[in-house]
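*Asks:* Here it is, the structure in full.
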């Protein structure tokens with residue numbers, strides 16, 4: 004029979020021996036709680052209310068299971084964060100059935116954020132064109148193009164800027180002079196739809212006519228990639244074959260000898276090539292001297308040769324003689340698409356140029372269509388100061404006939420009288436021939 008006089012300290016000592024880890028912290032005695040057994044059910048209600056106050060999750064969660072004989076430690080107010088109660092070993096607790104409250108309803112499942120699958124981007128609303136959209140429509144020249152900013156551009160290739168680029172490995176841009184030079188070269192590189200013929204005429208000898216025909220033809224041949232250019236003389240007293248610095252071993256032959264070939268042989272390209280010399284620029288040259296024993300050229304033979312040359316070459320430069328009263332002269336002039344009139348920077352040569360222009364006007368016919376578009380070349384054939392005012396004479400020709408005038412300075416290589424090459428000319432001379440070739444090529448008919 005249990006001892007009714009056993010004190011609470013004895014009970015605590017009994018359980019301390021059974022589970023010493025539960026008594027690490029002595030319980031605090033509270034005056035509101037009594038060690039005596041509850042007298043009625045009101046005490047049980049009070050203990051249940053007290054247990055609900057210290058529950059970590061609040062009154063809606065199950066209270067901690069009380070230990071027999073262990074006083075309940077008061078818990079802080081609900082506003083304070085709940086204290087974590089250490090887990091007690093299962094062996095130290097006496098078996099006791101505890102009624103657990105029903106589980107609370109779980110919160111509805113929410114989708115993960117961010118979602119596992121890639122979200123579809125929202126549709127961008129279609130923008131409406133501005134009110135003045137019609138003013139920005141593409142024009143007849145083509146659709147608008149975007150502008151490249153900061154792209155690599157070609158640096159200077161000529162002049163002092165090119166020298167600085169080579170020495171310092173810089174990339175100075177092209178100056179206005181070089182840009183104008185590039186524009187002239189682009190004019191020379193114009194594509195021709197059909198074969199064209201350029202006639203070089205003069206009113207007096209020693210005007211530099213043959214030099215102009217060779218150097219202009221060589222300039223066009225060097226700038227026109229892939230174009231076939233031939234310079235041909237129809238002056239029986241001319242020396243064009245002697246002035247070319249040929250790179251092949253072809254002996255000089257004349258257009259008269261070529262015209263004597265049978266019609267079947269004449270139209271074969273290899274046969275025609277055996278009559279032509281070639282200089283460093285790729286220009287082909289055919290002379291007109293009668294020293295090879297051939298006869299003088301008649302109009303029909305000339306037109307026959309010109310037809311064959313036109314089928315095999317893109318551009319023909321004709322070096323005319325001074326026999327303006329010859330039928331062959333006029334037959335060749337009738338096949339010309341562009342005129343170049345030559346004169347030296349002397350008074351008598353310029354005077355004869357005016358006579359030539361007036362004579363061609365007097366002939367009328369197709370010459371009247373060629374003259375307004377003709378280009379005049381004034382070549383300085385003697386070193387030093389000239390005896391005429393070149394600027395005044397140039398303005399006079401332009402104002403009188405509306406013709407463009409190109410001046411070519413004195414060049415020691417051209418004045419030698421022997422074989423010459425455009426590559427051996429002075430820089431300024433080569434530049435003037437680029438200007439001349441650009442003027443002539445830009446004036447050729449498009450068809």
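In this note's numbering, the protein residues as written are 4 to 450.
Where a beta carbon is used, it is the ideal one built from N, C-alpha and C, also for glycine.
Note that the coordinates shown come from a computational prediction; the quantities given were computed from them, not determined experimentally.
Can you tell me whether residue 240 is helix, strand or coil according to DSSP?
*Replies:* coil
*Asks:* For residue 273, count neighbouring C-beta atoms within 10 Å of its own C-beta (all shown protein chains included) and say buried if the count is 16 or more, exposed if not.
*Replies:* exposed
*Asks:* Quick check: the Cα distance between residue 350 and residue 300, rounded to an integer number of angstroms?
*Replies:* 33 Å
*Asks:* Going by C-alpha distance, which of 187, 341, 400 and 381 is nearest residue 449?
*Replies:* 341
*Asks:* Under the rule that 16 or more other beta-carbon atoms within 10 Å means buried, what is residue 439, buried or exposed?
*Replies:* buried
*Asks:* Can you check whether the CB of residue 283 is closer than 8 Å to the CB of residue 250?
*Replies:* yes
*Asks:* Run the CB neighbour count on residue 442, radius 10 Å, all protein chains shown included, and call it buried at 16 or more, exposed below.
*Replies:* It is buried - the Cβ of residue 442 has at least 16 other Cβ atoms within 10 Å.
*Asks:* Ends of the beta strand (DSSP E) at residue 199?
*Replies:* 199 to 205
*Asks:* Since residue 3 and residue 406 are thought to touch, with beta carbons under 8 Å apart, how far apart are those beta carbons, to the nearest angstrom?
*Replies:* There is simply no residue 3 to check, as the chain begins at 4 and stops at 450 in what is shown.
*Asks:* How do the region 190 to 198 and the region 327 to 337 stand: do at least 3 beta-carbon pairs fall below 8 Å, yes or no?
*Replies:* Result no; under three Cβ-Cβ pairs closer than 8 Å.
*Asks:* Measure how close the beta-carbons of residue 279 and residue 289 come, nearest whole angstrom, since I'm counting them as under 8 Å.
*Replies:* That belief holds up - the Cβ atoms of residue 279 and residue 289 are roughly 6 Å apart, short of 8 Å.
*Asks:* Determine which residues share a DSSP beta bridge with residue 319 and list them.
*Replies:* In the DSSP assignment, residue 319 is bridged to 200 and 233.
*Asks:* Should residue 182 be labelled buried (16 or more other beta-carbon atoms within 10 Å of its own) or exposed?
*Replies:* Burial call: exposed.
*Asks:* Would the region 419 to 428 and the region 239 to 256 be scored as touching if the rule is three or more Cβ pairs under 8 Å?
*Replies:* Remark: three or more beta-carbon pairs, one from each stretch, lie closer than 8 Å, so the region 419 to 428 and the region 239 to 256 are flagged as touching.
*Asks:* Use the C-beta contact count for residue 152: other C-beta atoms within 10 angstroms, 16 or more gives buried, fewer gives exposed.
*Replies:* exposed
*Asks:* Where residue 394 and residue 381 are concerned, what is the direct C-alpha to C-alpha distance, given to the nearest angstrom?
*Replies:* 11 Å
*Asks:* If I follow the unbroken alpha helix (DSSP H) through residue 441, where does it start and stop?
*Replies:* 430 to 446 is the extent of the alpha helix (DSSP H) around residue 441.
*Asks:* Going residue by residue through the region 271 to 352, where are the continuous beta strand (DSSP E) segments of at least 3 residues, counting only ones entirely within it?
*Replies:* 287 to 289, 318 to 322 and 341 to 347
*Asks:* Return the first residue and the last residue of the beta strand (DSSP E) that residue 399 is part of.
*Replies:* Note, residue 399: premise wrong, no beta strand (DSSP E); alpha helix (DSSP H) at 393 to 404.
*Asks:* Could you check the C-alpha separation between residue 243 and residue 429 for me, to the nearest Å?
*Replies:* Cα to Cα, the separation comes out at about 21 Å.
*Asks:* Where does residue 169 land, buried or exposed, given buried means 16+ other C-beta within 10 angstroms?
*Replies:* Under this definition residue 169 is an exposed residue.
*Asks:* Taking residue 412 as the reference, give the member of 374, 359 and 347 with the closest Cα.
*Replies:* 347
*Asks:* Do you know how far the Cα of residue 197 is from the Cα of residue 369?
*Replies:* Separation of residue 369 and residue 197 (C-alpha to C-alpha, rounded to the nearest whole angstrom) is 20 Å.
*Asks:* What are the boundary residues of the beta strand (DSSP E) that residue 223 is part of?
*Replies:* Element bounds for residue 223: not the beta strand (DSSP E) but the alpha helix (DSSP H), 212 to 226.
*Asks:* DSSP state of residue 417, grouped into three classes?
*Replies:* It is helical.
*Asks:* Determine which residues share a DSSP beta bridge with residue 409 and list them.
*Replies:* According to DSSP, residue 409 bridges with 380.
*Asks:* What would DSSP say about residue 424, mapped onto helix, strand or coil?
*Replies:* coil
*Asks:* So for residue 156, helix, strand or coil by DSSP?
*Replies:* coil
*Asks:* Reducing DSSP to helix, strand and coil, say where residue 249 ends up.
*Replies:* strand
*Asks:* Are the region 257 to 275 and the region 208 to 218 touching, with three or more C-beta to C-beta distances below 8 Å?
*Replies:* no
*Asks:* Less than 8 Å between the C-beta atoms of residue 222 and residue 437, yes or no?
*Replies:* yes
*Asks:* Measure the C-alpha to C-alpha separation of residue 399 and residue 266 and round it to an integer number of angstroms.
*Replies:* 48 Å
*Asks:* Run through DSSP, which three-state label would residue 257 get?
*Replies:* strand
*Asks:* Just to confirm my understanding: we take residue 313, look at its own chain, exclude 5 residues before and 5 after, and list those with CB closer than 6 Å. What are they?
*Replies:* Result list for residue 313: 198, in chain order.
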